[in-house]
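For reference, the structure discussed in these notes is given below.
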Amino acid sequence: VPRTERGYRCSSCGWTTVAYVGRCPGCQAWNTLEPFAEAPRGTAASRRPGAAAPAASLVRLGDVEGDTAERHATAIPEFDRVLGGGIVPGSLILVGGDPGIGKSTLMLQAAASLARGGLRVACICGEESPRQVRMRAERLGVADAPVDLIADPSLDAALAAAESAGVDVLVVDSIQSVTVEGLESRAGGPAQLAEAGARLLAFAKGTGTATLVTGHVTKGGEVAGPKLLEHLVDVVLYFESAEGGVLRLLRAVKNRFGATDELGLFEMTGAGLQSVENASAAFLAPHAPGASGCAITAVIEGSRPLAVEVQALAVPSALAAPRRIAAGIEPARLHLLLAVLARRGGIPAGALDIVASVSGGLRLRDTSADLAICLALASAIHDRPLPAGTAFLGELALSGAVRPVHQANRRLAELARLGLRGAVVPAGTAAVEGLQLTRVASLADALERVG
Ligand code: TYD
Ligand code: MG
């Protein structure tokens, strides 16, 4: 596969290198190295003016080597889940997130696990000194893993070292902390970031090294951040915390090798990130039975069903235009459902401030939780709890009709597994063992059935 050659070339003797050096070892001249990027032969960029371009070659689709399907599994179940089964060799993976969320922790755990599995793994640690990394590794119980650290802040020097060591997996923590020499702008600035991204891409593709890069997201995102690199990389993962607690959500927003709706769930513990496999239990853990305004539902996150609780609060408002605060629910959806509740359910929220949120900091992405949201709102407005052990499934039409949801069976099975006893569901929903189903045709119907 032809690839772009990048590096530095001495302007006096033509000696080339991938890493910048001040003095050319070829002719001993100082400051004669100039960056170059050479496109593969046969492309427009390498054409000399006037010269006819050599014809490109044709490859029959069927003859192209397919996905080798080879992946390096990190043996961290939730990380592998989001990656789509593991890390693809030669891929460039960006892990973004707020400072302190756990990116470095996840990277070190993954690096250690891959290294223990027999791969050659190196970490460019620009954020922390090797001593700090060592202390973290001890805390994580991975200090004995054969991971190499590269502490050179110059990206070119670090990449040259990684290339000559022949690493299989390279971790760069973080992209904001490495510098590309020869550029005027400061480390972490947009020009630096873009250039560092381009070099990492060339490195990953050119050497077949799976490359994991972390990047800080700045609040508001106005400063140059990982967003700048999204188009360039193969996989973009974002790490976020749920309600500032110990739960950490890892989401794929782009994945050339897997699904993007997959959600990885971790718990930050004293000894690093632990994969949470019983995700529903984690989301329902803060559940306070008997409280008004709480309704349980089940959503499909990627490949798994997840039980979550919708929580609502209604309090008299002191404002002419009462407030509507939504977390995890689209504000527009909340307004729509309040309108349906007022008109079709006969429960106006009128002069009340309404707060609605989803447990665990999850964002609801489909409409299957409509019924649960409306019942949570109704329960909050009346300050009367919903029946214990009952879940709600269903999309609502503006008419107040309850519409079916996809994969209802899997959602209900998950609710039954968690020990719920009943569910209010759209008419026509098939029975599920262990759950008493109440089939309803409309919102008014559902309100009546829960009393
Ligand atoms: P870190 O991975 O450094 O975050 P990032 O690289 O995204 O900035 O995580 C730092 C936080 O995690 C810090 O607040 C301490 C906490 N932590 C634990 O709770 N347990 C651990 O085992 C480790 C290593 C960190
Ligand atoms: Mg870090």
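Residue numbers (the UniProt record's numbering): 72 to 522.
Even for Gly, the Cβ is constructed at its ideal location relative to N, Cα and C.
Problem - Per-residue burial, Ser117 [other beta carbons within 10 Å of its own, 16 or more giving buried] - result: By 1-based counting over the sequence shown, the position of residue 117 is 46. Low confidence applies to Ser117: its pLDDT is 48, below 50, so where it sits in the model is not reliable enough to give any reading.
Exercise for the section: Flag this pair as yes or no: are the beta carbons of Gln382 and Ala330 separated by less than 8 Å? Expected result: Within the sequence shown, numbered from 1, the residue matching residue 382 stands at position 311. Within the sequence shown, numbered from 1, the residue matching residue 330 stands at position 259. No, they are not a contact pair.
Exercise for the section: Return yes when at least one heavy atom of ligand 1 lies under 7 Å from the C-beta of Arg327, else no. Expected result: Position 256 of the sequence shown, counted from the first residue, corresponds to residue 327. Not so, every heavy atom of ligand 1 lies at least 7 Å from the Cβ.
Problem - Nearest residue (CA-CA) to Leu412, options Ala515, Gly361, Arg434 and Ala124 - result: Residue 412 sits at position 341 when you count from the first residue of the sequence shown. When each option's Cα is compared against that of Leu412, the closest is Ala515.
Exercise for the section: Examine chain B for any beta-carbon lying closer than 8 Å to the beta-carbon of His302, and answer yes or no. Expected result: Included in the structure is just one protein chain, with no chain B present.
Exercise for the section: Indicate, with yes or no, if ligand 1 has a heavy atom lying under 7 Å from the CB of Ile400. Expected result: Start at 1 with the first residue of the sequence shown, and residue 400 comes out as number 329. The answer is no for Ile400.
Practice task
Using beta-carbon positions only, say whether Ile367 and Ala422 come within less than 8 Å of one another.
Solution key: Walking along the sequence shown from the start, residue 367 turns up at place 296. Walking along the sequence shown from the start, residue 422 turns up at place 351. No, Cβ-Cβ distance for Ile367 and Ala422 is not below 8 Å.
Problem - Buried or exposed by the 16-neighbour rule on C-beta atoms within 10 Å, applied to Ser200 - result: Mapped onto the sequence shown, residue 200 falls at position 129. Burial call: exposed.
Practice task
Using three-state DSSP, classify Asn480 as helix, strand or coil.
Solution key: Along the sequence shown, read from residue 1 onward, the residue named residue 480 stands at position 409. Residue state, collapsed to three classes: helix.
Handout entry: For Leu277, three-class secondary structure by DSSP
Key = Translated into positions along the sequence shown, residue 277 becomes position 206. One point to set straight first is that residue 277 is Gly, not Leu, in the sequence displayed. In this structure, Gly277 counts as helix in the three-state DSSP scheme.
Problem - C-beta atoms of Val503 and Ala484 nearer than 8 Å - result: In the sequence shown, counting from the first residue as 1, residue 503 sits at position 432. In the sequence shown, counting from the first residue as 1, residue 484 sits at position 413. Their beta carbons are under 8 Å apart, which means Val503 touches Ala484 by this criterion.
Problem - Separation of Phe107 from Glu76, as counted between CA atoms - result: Here residue 76 refers to the residue found at position 5 when the sequence shown is read from its first residue. Here residue 107 refers to the residue found at position 36 when the sequence shown is read from its first residue. Distance between the alpha carbons of Glu76 and Phe107: 8 Å.
Practice task
Please confirm whether any heavy atom of ligand 2 lies closer than 7 Å to the CB of Ser175.
Solution key: Looking up residue 175 in the sequence shown gives position 104. Yes, ligand 2 has a heavy atom inside 7 Å of this Cβ.
Exercise for the section: Say yes only if the C-beta of Asp244 is nearer than 7 Å to one or more non-hydrogen atoms of ligand 2, and no if none qualify. Expected result: Here residue 244 corresponds to residue number 173 of the sequence shown, with the count starting at 1. For Asp244, the shortest separation between its Cβ and any heavy atom of ligand 2 lies below 7 Å.
Problem - DSSP bridge partner residues for Gly289 (one or two, in chain order) - result: Here residue 289 is taken as the residue at index 218 of the sequence shown, counted from 1. A quick correction: the sequence has Thr, not Gly, at residue 289. None, per the DSSP bridge assignment.
Problem - Range covered by the alpha helix (DSSP H) that runs through Val429 - result: Working through the sequence shown from its first residue, we reach residue 429 at position 358. That residue, Val429, is in no alpha helix (DSSP H); its beta strand (DSSP E) goes Leu423 to Val429.
Handout entry: For Leu489, the nearest candidate out of Leu179, Ala352 and Arg319 (CA to CA)
Key = Taking the first residue of the sequence shown as 1, we reach residue 489 at position 418. The option with the nearest alpha carbon to Leu489 is Ala352.
Practice task
Kindly give me the distance between the Cβ atoms of Thr285 and Met178, rounded to whole angstroms, as I take these residues to be in contact under 8 Å.
Solution key: Taking the first residue of the sequence shown as 1, we reach residue 285 at position 214. Taking the first residue of the sequence shown as 1, we reach residue 178 at position 107. The beta-carbon distance between Thr285 and Met178, rounded to whole angstroms, is 6 Å. This is short enough to meet the 8 Å contact definition.
Practice task
For Arg270, count neighbouring Cβ atoms within 10 angstroms of its own Cβ and tell me buried if that reaches 16, exposed if not.
Solution key: Here residue 270 is taken as the residue at index 199 of the sequence shown, counted from 1. Buried, since its Cβ has 16 or more Cβ neighbours within 10 Å.
Handout entry: Pairwise C-alpha distance: Leu241 and Leu320
Key = Sequence index remark: in the sequence shown, residue 320 carries index 249 (1-based). Sequence index remark: in the sequence shown, residue 241 carries index 170 (1-based). Answer to the nearest angstrom: the Cα atoms are 23 Å apart.
Exercise for the section: Compute the minimum distance between the beta carbon of Ile425 and the heavy atoms of ligand 1, and state whether it is under 7 Å. Expected result: One-based indexing of the sequence shown puts residue 425 at position 354. Ile425: no, Cβ never under 7 Å from ligand 1.
Exercise for the section: Helix, strand or coil for Thr461, going by three-state DSSP, please let me know. Expected result: For the purposes of this step, residue 461 is taken as residue 390 along the sequence shown, with counting starting at 1. In the three-state reduction of the DSSP assignment, Thr461 falls in the strand class, which pools E and B.
Handout entry: Environment of Ser83 [buried if 16+ CB atoms lie within 10 Å]
Key = In the sequence shown, residue 83 corresponds to position 12, counting from 1. It counts as exposed.
Exercise for the section: Determine, using beta-carbon pairs with one atom in the region 191 to 207 and one in the region 301 to 318, whether at least three such pairs fall under 8 Å. Expected result: Too few Cβ pairs lie closer than 8 Å, so no.
Practice task
Locate the alpha helix (DSSP H) running through residue 25, then write down its first and last residues.
Solution key: In the structure as shown, the chain starts at 72 and stops at 522, and residue 25 therefore has no counterpart that could be examined.
Practice task
Within the same chain, show all residues whose beta-carbon is closer than 7 Å to that of Leu226, passing over the 5 residues directly before and after it, in chain order.
Solution key: Stepping through the sequence shown from its first residue, residue 226 is reached at position 155. Excluding sequence neighbours, Leu226 sits near Val249, Thr250, Val251, Ala267 and Arg270.
Exercise for the section: Quick one: using the 10 Å Cβ neighbour count with 16 as the cut-off for buried, is Val72 buried or exposed? Expected result: The count along the sequence shown starts at 1 and reaches residue 72 at position 1. Because the pLDDT of Val72 is 48, which lies under 50, any placement of that residue in the model is unreliable, and the question is left without a value.
Exercise for the section: State the start and end residues of the unbroken alpha helix (DSSP H) segment that holds Ala451. Expected result: Counted from its first residue, the sequence shown places residue 451 at position 380. Looking at the DSSP string, the run of the alpha helix (DSSP H) that includes Ala451 is Asp441 to His453.
Handout entry: Straight-line gap, His143 to Pro160 (C-alpha atoms, nearest Å)
Key = For the purposes of this step, residue 143 is taken as the residue at position 72 of the sequence shown. For the purposes of this step, residue 160 is taken as the residue at position 89 of the sequence shown. Those two C-alpha atoms are separated by around 7 Å.
Problem - Complete runs of the beta strand (DSSP E) confined to the UniProt domain "RecA family profile 1" (139 to 288) [at least 3 residues] - result: With a minimum length of 3 residues, the continuous beta strand (DSSP E) runs that stay inside the UniProt domain "RecA family profile 1" (139 to 288) are 163 to 168, 192 to 196, 218 to 221, 240 to 244 and 281 to 287.
Exercise for the section: Grab me the residues of Glu105's own chain with a C-beta within less than 7 Å of its C-beta, minus the 5 sequence neighbours each way, in chain order. Expected result: Position 34 of the sequence shown, counting from 1, holds the residue named residue 105. Cβ within range, chain order: Tyr79, Arg80 and Ser82.
Practice task
Using only the heavy atoms of ligand 2, determine whether one of them is closer than 7 Å to the beta carbon of Glu198.
Solution key: As a first step, residue 198 must be located in the sequence shown, where it is residue number 127. Yes, since a heavy atom of ligand 2 falls inside the 7 Å radius drawn around the Cβ of Glu198.
Handout entry: Beta-carbon separation (whole angstroms), Asp223 vs Ala232, contact threshold 8 Å
Key = In the sequence shown, residue 223 corresponds to position 152, counting from 1. In the sequence shown, residue 232 corresponds to position 161, counting from 1. Correct: roughly 7 Å between the Cβ atoms.
Practice task
Examine ligand 1 and report whether any of its heavy atoms sits within less than 7 Å of the Cβ of Gly168.
Solution key: Within the sequence shown, residue 168 is the residue found at index 97, counting from 1. Result yes, Cβ under 7 Å from ligand 1.
Problem - Assigned exposure category for Thr340 - 16 Cβ within 10 Å defines buried - result: Within the sequence shown, residue 340 is the residue found at index 269, counting from 1. That one is exposed.
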